[in-house]
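Chains as they are written, first to last, in the numbering used here: chain X, 17 to 350; chain C, 9 to 323.
Every residue gets a Cβ at the ideal spot worked out from N, C-alpha and C, and that includes glycine.
Below you'll find the structure, written out as structure tokens, and then a few comments.
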């Protein structure tokens, strides 16, 4: 059974900040919600409380960057781009300040409803010049996100998971590289963030049904390794399915579509995610099922490409226990 | 104070020079930001000629052409801050928050010998770095402020960082009063007060004007001095055209708080002819050749210079 890790960000950030004196911890009144309350209490001289005032926080961070600091901004993802978008562009993105935007509660991982759900953040961030976009999908990636983000020569937006998180991988994020989790030849499944756990569940059932899946996990959305992706597209016979915790417009699915179209890849593509809709508040399992972001939805997408039913039932998927992915089965170790 | 004194003009002379340069430029170019020169000439002269501690310019007197935006592929990118001297610990930093005052700021750079007057000829020309709305790469600019209300926050962040590093230099933000309509300005003041950022000060041109006209008709802002004090700043309100008042206000102790100087100005100071245009003064265009000639003669006389020779211009 997969290991569950409690609040991995808290220790990871503290370790990284203490090893890097120019890292500052900024918060906009969501300190414990972003798991930096312990850091605040233990290292008050490295913690800057900026209150519920994200516009000021963004430009203030730009000023800190000008002074040579590398501020980590902590808030829910939505509050790092919707309200302070103008400031994000002018004070951070344009001048390439080394500002690290740590966006918690990505997509529909929050019961907070529309105001709290960052469902179009990747589309927005991906289109901003100079911006790097990272997304965490397990505890190991959360543990390595600070170091990965802080290695970027410019601004970076990170989708960060909080709370109790499964450990799926045993190697840290390597910025710019995708993880190959399975090397099958029928269908290429591309997932990011919490969608990867759903795909792992789905894959166990598909293997039993004789479907050969090639599976990529994406933690670096921008910059994106186009050539590596196209090689994977070429390696499958039936097509590509992308599942993401985001609207299907502008996210990883769109990214796949753009690259495939530009290269004339000529293979079918199914994009799964929120389909031109806002979501409402509810539990994560409920929302993922309701909006078609779970293993069942992925299975349906795959069956669409296969043109046939696999005979796998929703109950079968629910019963599957996800196992951690060890280095031996990853392409980057091949 | 100022280690860079290539010219020995008085601050009053610099202010006069700013008005003349902006006037001549506007006449030759069929209009311009005249009222900003009227209201802010003394303030920018005061900043550059005596209030700020700035080193010698690090960029060439004649501004190089636009050399690209910041990107990973443009490693040689520099901002225009070099016209204010090096960004070393002992020197002050200046942000021009209302970037549409750029023409006035460029004129100030020329008057104090930091930029060649050829720089003004490049104003708003395609491919030039001397842009109409001051950009990061424009002479004397260090950050983008064309979106109003972000300057003070950036200044507060830089000042916080400089204090943390133990740098003696201060951060000054030149502001315009329209910015008090933006919520971010108040977020910045409360943050600066909360964090006791007192190596930060702002000089605000309070000319009661904005793009649509008189501020009172666009959005009433009330007693902004009282508001700034309530938000935690030390605030002084003075006559923007009185240099001694500017000097006295700058000397105000403000330990543990940012200092904000409200410089109440006239948008027609030194160019009385512009009163006819009140309250539409944000960007003055000529309605007819006759008006242009009349304005040329009238304002030139008030500034004590010959009218601009428009006949020899090619526009």
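Any C-beta of chain X sitting closer than 8 Å to the C-beta of residue i?
i                      : result
residue 173 of chain C : yes
residue 170 of chain C : yes
residue 90 of chain C  : no
residue 79 of chain C  : yes
residue 152 of chain C : yes
residue 162 of chain C : yes
residue 4 of chain C   : Because chain C in this structure spans residues 9 to 323, residue 4 of chain C falls outside the shown range and cannot be described.
residue 210 of chain C : no
residue 49 of chain C  : no
residue 305 of chain C : no
residue 9 of chain C   : Note that residue 9 of chain C scores a pLDDT of 41, beneath 50, so its modelled location is shaky; the value from the coordinates is reported in the next line. Judged by the 8 Å Cβ criterion, residue 9 of chain C is not in contact with chain X.
residue 323 of chain C : Residue placement at residue 323 of chain C is poorly supported in this model, since its pLDDT is 46, which falls under 50; the coordinates are not used for a value here.
residue 21 of chain C  : no
For chain C, check one thing: does any of its Cβ atoms lie closer than 8 Å to the Cβ of residue i?
i                      : result
residue 127 of chain X : no
residue 69 of chain X  : yes
residue 22 of chain X  : no
residue 348 of chain X : A caution first: residue 348 of chain X carries a pLDDT of 35, below 50, which makes its placement in the model too unreliable to give a value.
residue 106 of chain X : yes
residue 345 of chain X : In this prediction, residue 345 of chain X scores a pLDDT of 42, lower than 50, which makes its location untrustworthy; no coordinate-derived value is stated.
residue 146 of chain X : yes
Interface residues of chain C around residue i at Cβ under 8 Å?
i                      : result
residue 102 of chain X : 155 and 158
residue 110 of chain X : 77, 78, 144 and 152
residue 66 of chain X  : 199
Residue range of the beta strand (DSSP E) that residue i falls in?
i                      : result
residue 233 of chain X : 229–234
residue 196 of chain X : 195–199
residue 61 of chain X  : That residue, residue 61 of chain X, is in no beta strand (DSSP E); it is neither H nor E in DSSP.
residue 265 of chain X : That residue, residue 265 of chain X, is in no beta strand (DSSP E); it is neither H nor E in DSSP.
residue 302 of chain C : From DSSP, residue 302 of chain C is part of no beta strand (DSSP E) but of the alpha helix (DSSP H) over 297–311.
residue 86 of chain X  : 86–92
residue 43 of chain X  : 39–43
residue 210 of chain C : 208–214
Please name the residue in the options whose C-alpha comes closest to that of residue i.
i                      : options                       : result
residue 243 of chain C : C/201, C/73 and C/170         : C/201
residue 299 of chain X : X/108, X/110, X/133 and X/79  : X/133
residue 214 of chain C : C/266, C/229, C/197 and C/273 : C/273
residue 157 of chain C : C/167, C/175, C/187 and C/129 : C/187
residue 85 of chain X  : C/180, C/167, C/281 and C/314 : C/167
residue 271 of chain C : C/239, C/209 and C/299        : C/209
residue 88 of chain X  : X/101, X/38 and X/107         : X/38
residue 282 of chain X : X/254, X/302, X/164 and X/163 : X/254
residue 31 of chain C  : C/297, C/298, C/293 and C/319 : C/293
residue 147 of chain X : X/153, X/196, X/97 and X/224  : X/97
residue 46 of chain C  : C/261, C/226, C/248 and C/221 : C/248
residue 49 of chain C  : C/79, C/106, C/88 and C/112   : C/112
residue 97 of chain C  : C/229, C/252, C/174 and C/218 : C/174
residue 100 of chain X : C/144, C/191 and C/128        : C/191
residue 244 of chain X : X/172, X/186, X/272 and X/307 : X/272
Compare the C-beta of residue i with all C-beta atoms of chain A and state if any pair is closer than 8 Å.
i                      : result
residue 192 of chain C : Among the protein chains in the structure shown, which are X and C, there is no chain A.
Check the Cβ of residue i against every Cβ in chain C and list those closer than 7 Å, keeping chain order.
i                      : result
residue 165 of chain X : Simply none; closest approach about 16 Å.
residue 85 of chain X  : 169
Which residues in chain X sit within 7 Å of residue i, going by Cβ to Cβ distance?
i                      : result
residue 195 of chain C : 69, 71 and 72
residue 62 of chain C  : The premise fails here: residue 62 of chain C is roughly 17 Å from chain X at the closest Cβ pair, so nothing lies under 7 Å.
residue 165 of chain C : 75, 76, 77, 78, 79 and 80
residue 16 of chain C  : Those within 7 Å of residue 16 of chain C in chain X number zero; the least Cβ separation is about 32 Å.
residue 201 of chain C : Neighbours of residue 201 of chain C on chain X: none; closest Cβ ~11 Å, over 7 Å.
Closer than 9 Å by beta-carbon distance: list the chain C residues that pair up with residue i, in chain order.
i                      : result
residue 169 of chain X : 80
For residue i, go through chain X and note every residue whose CB falls closer than 9 Å to its CB, in chain order.
i                      : result
residue 264 of chain C : None at all; the shortest Cβ gap to chain X is about 17 Å.
Show which residues of chain X have a CB atom less than 8 Å away from the CB atom of residue i.
i                      : result
residue 241 of chain C : Neighbours of residue 241 of chain C on chain X: none; closest Cβ ~14 Å, over 8 Å.
Return the first residue and the last residue of the alpha helix (DSSP H) that residue i is part of.
i                      : result
residue 137 of chain X : 137–142
residue 161 of chain C : 159–172
Could you check if residue i belongs to the surroundings of the ligand MN, using beta carbon to heavy atom distance under 7 Å?
i                      : result
residue 259 of chain C : With respect to the ligand MN, the structure offers nothing, as it holds no ligand at all.
Determine contact between the region 265–276 of chain X and the region 127–144 of chain X, defined as no fewer than three beta-carbon pairs at a distance below 8 Å.
yes
Does the count of Cβ pairs from the region 65–85 of chain X and the region 100–119 of chain X closer than 8 Å reach three?
yes
Kindly confirm or deny that the region 250–264 of chain X and the region 114–128 of chain X touch, where touching means at least three C-beta pairs closer than 8 Å.
yes
Give a yes or no on contact between the region 285–297 of chain C and the region 305–314 of chain C, applying the rule of three or more CB pairs nearer than 8 Å.
no
Cβ contact (3+ pairs, closer than 8 Å) linking the region 113–127 of chain C and the region 50–60 of chain C
yes
Does the structure place the region 17–30 of chain X close enough to the region 171–189 of chain X that three or more beta carbon pairs sit under 8 Å?
yes
Below 8 Å, can you find three or more Cβ-Cβ pairs linking the region 88–106 of chain C to the region 173–191 of chain C?
yes
For the pair the region 196–204 of chain X and the region 241–256 of chain X, tell me if three or more CB-CB distances fall below 8 Å.
yes
Does the pairing of the region 251–260 of chain C with the region 214–230 of chain C give three or more beta-carbon distances under 8 Å?
no
Is the region 62–74 of chain C close to the region 222–231 of chain C, with three or more CB pairs under 8 Å?
no
Looking at C-beta atoms only, is the number of pairs between the region 154–168 of chain X and the region 214–228 of chain X that lie closer than 8 Å three or more?
no
Whether or not the region 43–57 of chain X and the region 140–153 of chain C are in contact is what I'm after, with contact meaning three or more pairs of Cβ atoms, one per stretch, closer than 8 Å; do they touch?
no
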